[in-house]
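Here's the structure, in structure tokens; my notes come after.
Chains as they are written, first to last, in the numbering used here: chain H, 5 to 317; chain D, 3 to 308.
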């Protein structure tokens, strides 16, 4: 059961009334003790700040003076902010391309690493490693130097007589290098897919094979539907995570989001406004915009899942 | 030589067909399967090389003199230069060991916090019956997916008022308050797999929840604790966003934040030193992967699976 399925299972169907019997609450006291750290954390570090940032969204606040309620001024400003507009486009392009691309690669390699093949655990380990390193500053630094003007990529291209540009220095390709970095970390979803592939009953393939189904047909009609809940899980969490990408863009562009805003993720723009120019109110409004976009994307995902995710239960 | 070759025997488990000389007649399907198997290995080895090449190049470059790093795609070392490491170690205000130690303190605090607070919460969610359980569990799952950006500004304001900026408290304290829902979820999944009869037997013997948790559940959930510890280690070590915000004094820099200082937007960067210190910061992650991958792989497979 993934976290998403748990969430789905919590939903009480309309029209059913839950009957609460006495034993339902017999551990109240013990639960309060065991959950005490979580409760404090939930209210003081999660829910409280969330509400506070919603309030700050309607204020002008520079950290030194008290917040000054300004009504809808921040929202009006957002509508006219062209930097915010380009950061939204950059973020959306990044999310829409990098997440599906990473999952397609992860699924393809997981299928290639078929069960029981020799050296499977070796390949799995090697391919998984980048997903542990990928979020670090060190790898972002490395990316700068791989895709820089005199970097590794151009050194390779030079062997074939091609003179490559600085890939991170050009507005047309800088975002592409970040997408490649995201795809490079396909190991984590690959491992999840491998575990899912192992769950598919062999008999399904054997039966299909006897009926004369080709490999491709088997992949489309057995593997994809059986794996679709796991693809869905990776897609939802991948999209939520990708919207929050920060480190790579920050390091590659030295915190500027450049060249010409081409790597200005919304998180980076928010950071600039909040901690660069201390516009905490405006930054809070941007944070809530991000939350609403992530929420909408997740809702759309759940809605669309009705049409392509196959649950056999 | 020829004698030795004739003596060599295939392992008993291999069917005789597989070692028949290539000349022998064989059906097309099995030949195709064999070609595909070889092709697949070639493909995967090339893929592994492409994936790891940049990292290997970084290690090689960190051992080269500064002038030989760029326009040089090879991994072959003509000289072996450790000066990048000694120079990089002392390039910033404090020796790099200070930053590594700062990161280590935060990592240890985060691991302790996550293990204690998340296991407590997980026990409640997996084993206890209480009011608002569904609501609380749902809230926990939803916070797993909440973007940290929507919390960070008010958190910063609170920590600033408490005088906690430039201390490690904002980076460690939340872990003691079970704010990493992922680990609660991981442990809930694990505890659900422990037979309930064990708890019930203990309860008949008069054990309360504290004793059941400490003496039965906790010892049995060691694999889940190990997974949570290793993930916390890697994620906290790699973390940059919150460390960048909460720690701004140079002597409090973590390894991630310090490494960022090498990338100088104005002057000439010392690329040799930069590569060397990058490698230094990756070594702990690599070691965690090497010794903990069993737990890492199992962890993401069980929380991500259906």
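In this text, a Cβ means the ideal position worked out from N, Cα and C, and glycines have one as well.
For this session: Give me the Cβ distance between residue 135/H and residue 189/H, rounded to the nearest whole Å; I'm assuming they're in contact under 8 Å.
Result: Here the question's residue 135/H lines up with position 131 in the first chain. Here the question's residue 189/H lines up with position 185 in the first chain. Contact holds; Cβ gap of about 4 Å.
Exercise. Residue 174/H CB to nearest chain D CB: under 7 Å?
Worked result: As a working note, residue 174/H is residue 170 in the first chain. Cβ-Cβ to chain D under 7 Å: no for residue 174/H.
Exercise. What number of angstroms, rounded off, separates the C-alpha of residue 287/H from the C-alpha of residue 208/D?
Worked result: Along the first chain, read from residue 1 onward, the residue named residue 287/H stands at position 283. Along the second chain, read from residue 1 onward, the residue named residue 208/D stands at position 206. Roughly 55 Å separates the two Cα atoms.
For this session: Look at residue 281/D and residue 119/D and say whether their C-beta atoms are less than 7 Å apart.
Result: To locate residue 281/D, count along the second chain from 1; it is residue 279. To locate residue 119/D, count along the second chain from 1; it is residue 117. The answer is no: Cβ separation not under 7 Å.
Problem set entry | Helix, strand or coil at residue 45/H [DSSP, three-state] | The residue labelled residue 45/H in the question sits at position 41 within the first chain. Three-state result, residue 45/H: helix.
For this session: Give the residues of chain D in contact with residue 30/H, contact being defined as C-beta atoms less than 7 Å apart.
Result: Within the first chain, the letter at position 26 stands for residue 30/H. Using a Cβ-Cβ cut-off of 7 Å, residue 30/H is close to 131 of chain D, given in chain order.
Exercise. For the stretch 203-218 of chain H, which residues have a CB atom closer than 9 Å to at least one CB atom of chain D, in sequence order?
Worked result: Within the stretch 203-218 of chain H, the residues whose Cβ lies closer than 9 Å to some Cβ of chain D are 203, listed in chain order.
For this session: Answer with yes or no whether the minimum CB distance from residue 45/H to chain D is below 7 Å.
Result: Within the first chain, the letter at position 41 stands for residue 45/H. Cβ-Cβ to chain D under 7 Å: yes for residue 45/H.
Exercise. Grouping DSSP H, G and I as helix and E and B as strand, with all else coil, what is residue 63/H?
Worked result: Counting from 1 along the first chain, the entry for residue 63/H is found at position 59. Strand at residue 63/H.
Exercise. Are there 16 or more other CB atoms within 10 angstroms of the CB of residue 169/H, so buried, or fewer, so exposed?
Worked result: Reading the first chain from its first residue, position 165 is the one you call residue 169/H. Residue environment for residue 169/H: exposed (fewer than 16 other C-beta atoms within 10 angstroms of its C-beta).
For this session: Ignore the nearest five residues each way along the sequence and tell me which others in residue 228/D's own chain have a CB closer than 6 Å to its CB.
Result: For the purposes of this step, residue 228/D is taken as residue 226 along the second chain, with counting starting at 1. 297, listed in sequence order.
Problem set entry | Extent of the continuous alpha helix (DSSP H) run through residue 240/D | In the second chain, the residue the question calls residue 240/D occupies position 238. Run containing residue 240/D: 224-240, per the alpha helix (DSSP H) assignment.
Exercise. Going by the beta-carbon positions, is the gap between residue 113/H and residue 194/H smaller than 7 Å?
Worked result: For the purposes of this step, residue 113/H is identified with residue 109 of the first chain, where counting begins at 1. For the purposes of this step, residue 194/H is identified with residue 190 of the first chain, where counting begins at 1. Taking 7 Å as the Cβ cut-off, residue 113/H and residue 194/H qualify as a contacting pair.
Problem set entry | residue 258/H (DSSP reduced to helix, strand or coil) | By one-based count along the first chain, residue 258/H stands at place 254. Of the three classes helix, strand and coil, the one that applies to residue 258/H here is coil, per DSSP.
Exercise. By the criterion of Cβ-Cβ separation under 7 Å, what are the contact partners of residue 42/D in chain H?
Worked result: In the second chain, counting from the first residue as 1, residue 42/D sits at position 40. Near residue 42/D (Cβ distances below 7 Å), the residues of chain H are 116.
Exercise. Between the stretch 247-267 of chain H and chain D, which residues of the former have a C-beta closer than 7 Å to a C-beta of the latter?
Worked result: If the cut-off is 7 Å between Cβ atoms, the stretch 247-267 of chain H has 247, 248, 250, 251, 255 and 258 near chain D.
Problem set entry | Exposure of residue 214/H, with buried meaning 16 or more beta-carbon neighbours within 10 Å | The residue given as residue 214/H occupies position 210 in the first chain. Classification for residue 214/H: exposed.
Problem set entry | Chain-order list of residues whose beta-carbon lies under 8 Å from that of residue 146/D (same chain, five-residue window excluded) | Sequence index remark: in the second chain, residue 146/D carries index 144 (1-based). For residue 146/D, the CB contacts under 8 Å within the same chain, skipping 5 residues up- and downstream, are 183, 184 and 187 in chain order.
Exercise. Leaving out the 5 sequence neighbours to the left and right, which residues in its chain are closer than 6 Å to residue 9/H when beta-carbon positions are compared?
Worked result: Working through the first chain from its first residue, we reach residue 9/H at position 5. So the list is empty, once near-sequence residues are dropped.
Exercise. Roughly how many angstroms lie between the CA atoms of residue 161/H and residue 137/H, to the nearest whole one?
Worked result: By 1-based counting over the first chain, the position of residue 161/H is 157. By 1-based counting over the first chain, the position of residue 137/H is 133. Residue 161/H and residue 137/H: Cα-Cα distance of roughly 26 Å.
For this session: Taking only beta carbons into account, state which residues of the stretch 51-62 of chain D come closer than 9 Å to chain H, listed in chain order.
Result: Correct list: 53, 54, 55, 56, 57, 59 and 60.
Problem set entry | Contact list for the stretch 231-249 of chain D against chain H, Cβ threshold 9 Å | Of all residues in the stretch 231-249 of chain D, 236, 237, 239, 240, 241, 242, 243, 246 and 247 have a Cβ within less than 9 Å of some Cβ in chain H.
Problem set entry | Limits of the unbroken alpha helix (DSSP H) element including residue 271/H | Indexing the first chain from 1 puts residue 271/H at position 267. Going by DSSP, residue 271/H is part of the alpha helix (DSSP H) stretching over 270-275.
Exercise. On the premise that residue 198/H lies in contact with residue 117/H, defined as a C-beta separation below 8 Å, what is that separation, rounded to the nearest angstrom?
Worked result: Reading the first chain from its first residue, position 113 is the one you call residue 117/H. Reading the first chain from its first residue, position 194 is the one you call residue 198/H. Correct: roughly 6 Å between the Cβ atoms.
Exercise. How many angstroms separate the CA atom of residue 325/H from the CA atom of residue 161/D?
Worked result: Outside the modelled stretch of chain H, which goes from 5 to 317, sits residue 325/H, for which no answer is possible.
Problem set entry | chain D residues whose Cβ lies nearer than 7 Å to that of residue 244/H | Walking along the first chain from the start, residue 244/H turns up at place 240. Residues of chain D passing the Cβ test: 147.
Exercise. Looking at C-alpha atoms only, which residue of 301/H, 254/H, 265/H and 233/H is the closest neighbour of residue 311/H?
Worked result: Position 307 of the first chain, counted from the start, is the residue given in the question as residue 311/H. Comparing Cα positions, the closest option is 233/H.
Problem set entry | Per DSSP, the bridge partner or partners of residue 72/H | Taking the first residue of the first chain as position 1, residue 72/H is located at position 68. The partner list for residue 72/H (beta bridge, DSSP) reads 64/H.
For this session: Answer with yes or no whether the minimum CB distance from residue 13/D to chain H is below 7 Å.
Result: Translated into the one-based positions of the second chain, residue 13/D becomes position 11. Caution is warranted here: a pLDDT of 42 is assigned to residue 13/D, below 50, making its placement in the model unreliable, and no coordinate value can be reported.
Exercise. Are residue 250/H and residue 243/D close, meaning C-beta to C-beta below 7 Å?
Worked result: Locating residue 250/H in the first chain gives position 246, where the first residue counts as 1. Locating residue 243/D in the second chain gives position 241, where the first residue counts as 1. Closer than 7 Å, so yes.
Exercise. Quick one: which chain D residues come within Cβ less than 7 Å of residue 292/H?
Worked result: To locate residue 292/H, count along the first chain from 1; it is residue 288. Chain D residues near residue 292/H: 152.
For this session: Say whether chain D places a C-beta atom closer than 7 Å to the C-beta of residue 13/H.
Result: One-based indexing of the first chain puts residue 13/H at position 9. No - not a single Cβ of chain D is within 7 Å of the one on residue 13/H.
Problem set entry | CB-CB length for residue 248/H against residue 151/D, believed under 8 Å | Counting from 1 along the first chain, the entry for residue 248/H is found at position 244. Counting from 1 along the second chain, the entry for residue 151/D is found at position 149. About 7 Å separates the two Cβ atoms, so the contact holds.
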